[in-house]
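Written out below as structure tokens is the structure these notes cover.
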DNA sequence: TACTATACGGAACGTGCGCCCCGTTTTGCC
DNA sequence: GGCAAAACGGGGCGCACGTTCCGTATAGTA
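Residue numbers (full-length UniProt numbering), protein chains in the order written: chain A, 1 to 188; chain B, 1 to 188.
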């Protein structure tokens with residue numbers, strides 16, 4: 001079904017990679033609001049070239065976000081396999097929040113309007129939730145996390161923390177995150 | 001210095017009020033991204049009329065947000081005066097978060113780019129912080145809130161919670177807020 | 001080297017929106 | 001009722017941005 005795309009010409013492959021790389025950096029630094037023309041300029045190509053490789057702006061950052069999410073899912077699985085339940089869960093929590101602090105585009109994509117992950121890449125969303133469910137249930141089983149929170153709750157909290165990281169102000173990110181982490185622990 | 005503005009004509013006063021009212025409702029329901037023309041249309045006036053009363057779109061929602069913030073500050077002071085320290089603090093927390101759930105425009109203004117409250121209405125920001133400092137310090141004094149968080153931390157957390165309220169997903173808002181509230185309590 | 005499919009770049013188009021202009025209407029005063 | 005000042009409204013301008021088009025350049029092939 002997936003049309004047999006024949007191999008790209010050398011310059012095409014090069015440009016595609018350059019665009020992806022540039023877009024990743026620019027979106028991470030400035031968020032999804034950056035114009036395509038700007039990305040094209042920084043990548044040293046014309047706007048038309050960007051659109052030949054990605055039919056739409058959304059398609060461009062989808063490609064990037066999917067990659068990012070896959071990477072995070074991989075890290076979640078690795079943590080689940082190599083670390084104790086409680087530790088693994090909170091390590092992943094830290095991973096997610098610091099990802100948000102670094103990558104403005106990711107936060108825009110996860111929290112922003114005009115981007116419904118579940119609609120656009122349901123399988124990745126599912127993989128993400130599955131990986132997180134694993135981490136969460138194990139952590140709850142050993143009493144490291146309060147028993148009543150769901151995967152959806154945790155996801156919302158993570159996205160919220162990413163947004164807070166970005167909010168700036170005079171707040172100390174460390175302390176703010178610590179509050180939420182502490183809140184996730186079982187009531188005493 | 002503040003130019004002596006003479007009294008508005010009757011129709012002007014009426015239109016101004018209608019615009020404010022409509023803008024308040026529309027911004028609350030849809031966020032700050034709504035075009036001015038739309039607000040003008042719903043208010044039953046021309047776009048020019050909106051701009052005569054508010055020189056810029058930003059000025060329009062500033063007027064609204066200032067009003068909203070003043071109201072919240074008033075509520076904070078009243079709580080501080082009439083309720084026990086711990087209760088008052090958390091009641092205000094709930095007030096803020098549910099304000100965010102109701103008012104999309106407020107969240108946009110507090111969290112969004114392109115709106116620096118401190119730059120635009122420093123005195124209100126100050127009043128807000130003062131009122132919150134009062135609530136926070138009293139709550140900390142009786143051990144209802146962990147001693148290490150600052151006013152800025154709490155503000156960030158509140159804004160973050162507002163954003164989460166709006167994020168939707170399958171998360172239960174109740175539970176998510178409970179996690180943060182719990183995290184604000186002293187370590188046990 | 002000659003030839004063609006492929007890819008390139010950037011000018012150009014359409015749209016949406018903030019904001020301004022100006023001919024028309026309304027208000028308040030004598 | 002008549003008049004000037006104040007206010008109105010909505011068409012229009014300028015700009016930004018996503019997307020498309022097409023004449024030109026280049027990679028791959030014989």
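Ideal Cβ positions, reconstructed from N, Cα and C, are used throughout, including at glycine. In this text, all values refer to a predicted model and were calculated from it rather than measured experimentally.
Classification of residue i by the beta-carbon crowding that lies within 10 angstroms, buried from 16 upward
i, result
"residue 105 of chain B", "buried"
"residue 99 of chain A", "buried"
"residue 71 of chain A", "exposed"
"residue 23 of chain B", "buried"
"residue 29 of chain B", "exposed"
"residue 134 of chain B", "buried"
"residue 8 of chain A", "exposed"
"residue 82 of chain B", "exposed"
"residue 162 of chain A", "buried"
Distance, residue j Cα to residue i Cα
i, j, result
"residue 39 of chain B", "residue 17 of chain B", "13 Å"
"residue 185 of chain A", "residue 118 of chain B", "34 Å"
"residue 155 of chain B", "residue 37 of chain B", "33 Å"
"residue 69 of chain B", "residue 87 of chain B", "21 Å"
"residue 150 of chain A", "residue 27 of chain A", "30 Å"
"residue 157 of chain B", "residue 14 of chain B", "39 Å"
"residue 148 of chain B", "residue 179 of chain B", "18 Å"
"residue 52 of chain B", "residue 73 of chain B", "29 Å"
"residue 5 of chain A", "residue 159 of chain A", "36 Å"
Close Cβ partners of residue i (< 8 Å) along its chain, the five nearest in sequence each way excluded
i, result
"residue 187 of chain B", "146"
"residue 44 of chain A", "18"
"residue 171 of chain A", "164"
"residue 75 of chain A", "92, 95"
"residue 47 of chain B", "36, 37, 40"
Start and end residues, alpha helix (DSSP H) containing residue i
i, result
"residue 92 of chain A", "85-102"
"residue 160 of chain A", "151-167"
"residue 49 of chain B", "47-53"
"residue 72 of chain B", "57-82"
"residue 176 of chain A", "173-184"
"residue 137 of chain B", "122-141"
Residue from the options with nearest C-alpha to residue i
i, options, result
"residue 58 of chain A", "A:108, A:77, A:95, A:76", "A:108"
"residue 181 of chain B", "B:169, B:153, B:166, B:167", "B:153"
"residue 21 of chain A", "A:56, A:64, A:158", "A:64"
"residue 67 of chain B", "B:47, B:128, B:7", "B:128"
"residue 169 of chain A", "B:167, B:112, B:32, B:174", "B:112"
Sequence-distant residues of the same chain with beta carbon closer than 6 Å to residue i, five excluded per side
i, result
"residue 138 of chain A", "85"
"residue 77 of chain A", "131"
"residue 123 of chain B", "none"
Close-in-space but distant-in-sequence residues of the same chain around residue i (CB under 7 Å, 5 per side omitted)
i, result
"residue 164 of chain A", "176"
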